[in-house]
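Per my numbering, residue 6 is the first one in the sequence shown, and the count goes up by one each step.
Contents: one structure, followed by commentary.
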Amino acid sequence: MSTQRGQDGLFSLGGLLVGTPELNGALIATATQMDIDGASLVGVVMVGDTFTIEGEAGSPTHTVTNGPFYVAAANAVNNIDFTPGIAAGGVADGADVTFTAESVAELTAWSLDEVGIEMADDTVKGDTHRTFRGGLASWRGSATALLDYGDTEQAALIDAGLDSASGTLAAIALRIASGKIWYGAGELAGLSFGSPDGTALCPFSFTFQGSGEVLPDWN
6 MSTQRGQDGL FSLGGLLVGT PELNGALIAT ATQMDIDGAS LVGVVMVGDT
56 FTIEGEAGSP THTVTNGPFY VAAANAVNNI DFTPGIAAGG VADGADVTFT
106 AESVAELTAW SLDEVGIEMA DDTVKGDTHR TFRGGLASWR GSATALLDYG
156 DTEQAALIDA GLDSASGTLA AIALRIASGK IWYGAGELAG LSFGSPDGTA
206 LCPFSFTFQG SGEVLPDWN
């Protein structure tokens, strides 16, 4: 696939979910796994994300576990593990699931490269020509963003510095045009910070290596 570029997008150190998620299936008391769906539901749910469920007794806050992330596909995210278990009385199918808002930074430019299948050499002794078979899919790219030092999570990334911040997992959404985005989770690397512009905004550039799938959403 050829390189694609864009002028805006989003990345988040927590989950980045667009749409209105609802339970896909009722949950009984003590349940610790759920499926969610919704119209035009896209993005990534990260371990550590917190949420509440409409109509649950006591309105407890649940925390996403395992993972390390769950990517929406076909307007659904399945098999999300969480703790604590559902309260007595359970919750109904179709109940709204409200995730706590995460810190989201805006991308000012991005490039998505090398989305495709790696070729594995399966040539053996005696072959007269080299042969290959499809290996694992991968994706990577680079981006620039503005981080807000007035935001606790974004300030923590700035304070972490270039070395310790590398390898941080982020949810990434890359907008090509209105209603057309690529999204997935990626490991940050090659970080570079600039000087603030007189406000709390700090320019930030990085490369990223995709972890898991990158998915298109053409709505």
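Backbone N, C-alpha and C fix where the C-beta goes; we use that ideal spot for every residue, glycine too.
Checklist entry - To which residues of the same chain is aspartate 156 closer than 6 Å at the C-beta, ignoring the five residues directly before and after it? => result Counting from one through the sequence shown, the residue named residue 156 turns up at place 151. Contacts found: Ser108.
Item to check | Rounded straight-line distance, which links the Cα of glycine 131 to that of threonine 25 | outcome: Locating residue 25 in the sequence shown gives position 20, where the first residue counts as 1. Locating residue 131 in the sequence shown gives position 126, where the first residue counts as 1. One alpha carbon belongs to threonine 25, the other to glycine 131, and they sit about 58 Å apart.
Next on the checklist: Do glycine 72 and valine 49 have their beta-carbon atoms positioned less than 7 Å apart in this structure?
Outcome noted: Locating residue 49 in the sequence shown gives position 44, counting from the first residue. Locating residue 72 in the sequence shown gives position 67, counting from the first residue. No. Outside cutoff.
Checklist entry - Taking buried to mean at least 16 other C-beta atoms within 10 Å of its own C-beta, is serine 17 buried or exposed? => result Numbered from 1 along the sequence shown, position 12 holds the residue referred to as residue 17. Counting Cβ neighbours within 10 Å, serine 17 comes out buried, since at least 16 surround it.
Checklist entry - Measuring CA to CA, which of Trp144, Pro221, Ala205, Phe74 is closest to valine 52? => result Counting from one through the sequence shown, the residue named residue 52 turns up at place 47. The option with the nearest alpha carbon to valine 52 is Phe74.
Checklist entry - Helix, strand or coil for aspartate 86 per DSSP? => result Against the sequence shown, residue 86 aligns to sequence position 81. In the structure shown, aspartate 86 adopts extended strand secondary structure according to DSSP, grouped into three states.
Checklist entry - What is the DSSP secondary structure of leucine 152, counted as helix, strand or coil? => result Here the question's residue 152 lines up with position 147 in the sequence shown. The answer is strand: DSSP assigns leucine 152 an E or B state.
Checklist entry - In terms of residues, what are the limits of the beta strand (DSSP E) holding glycine 24? => result Taking the first residue of the sequence shown as position 1, residue 24 is located at position 19. In the DSSP assignment, glycine 24 falls outside any beta strand (DSSP E) and carries neither an H nor an E.
Next on the checklist: If you reduce the DSSP assignment to three classes, tell me which class alanine 44 lands in.
Outcome noted: What you label residue 44 is simply residue 39 of the sequence shown in a count that begins at 1. Coil, per DSSP.
Next on the checklist: Which residue wins for smallest C-alpha separation from serine 147, given the options Ala176, Arg180, Arg135, Leu117?
Outcome noted: Numbered from 1 along the sequence shown, position 142 holds the residue referred to as residue 147. Looking at the Cα atoms, Leu117 is the closest of the given residues.
Checklist entry - Does the Cβ of glycine 172 lie closer than 6 Å to at least one heavy atom of the ligand HEM? => result As far as ligands go, the structure on display features none, and thus does not contain the ligand HEM.
Next on the checklist: DSSP has glycine 146 in a bridge; who is on the other side?
Outcome noted: Sequence index remark: in the sequence shown, residue 146 carries index 141 (1-based). DSSP lists Leu117, Phe213 as the beta-bridge partner residues of glycine 146.
Item to check | Residue burial classification, glycine 60 (beta-carbon count within 10 angstroms, cutoff 16) | outcome: The residue you call residue 60 lines up with position 55 of the sequence shown. Exposed, because fewer than 16 other Cβ atoms sit within 10 Å of the Cβ of glycine 60.
Next on the checklist: I need the straight-line Cα distance from tryptophan 144 to valine 219, nearest angstrom please.
Outcome noted: Walking along the sequence shown from the start, residue 144 turns up at place 139. Walking along the sequence shown from the start, residue 219 turns up at place 214. Spanning the two alpha carbons is a distance of roughly 7 Å.
Checklist entry - Over what stretch of residues does the beta strand (DSSP E) that includes isoleucine 58 continue unbroken? => result Taking the first residue of the sequence shown as position 1, residue 58 is located at position 53. Per DSSP, isoleucine 58 belongs to the beta strand (DSSP E) from 55-58.
Next on the checklist: Short of 8 Å in beta carbon distance, which residues of its chain neighbour valine 23, apart from the five on each side in sequence? Order them along the chain.
Outcome noted: Position 18 of the sequence shown, counting from 1, holds the residue named residue 23. Excluding residues within five positions, the ones whose Cβ falls inside 8 Å are Ser45, Leu46, Val47, Gly48, Ala178.
Item to check | Beta-carbon proximity of threonine 37 to phenylalanine 87, cut-off 7 Å | outcome: As a first step, residue 37 is located in the sequence shown; it is residue number 32 there, counting from the start. As a first step, residue 87 is located in the sequence shown; it is residue number 82 there, counting from the start. Contact check for threonine 37 against phenylalanine 87 passes: the beta carbons are separated by less than 7 Å.
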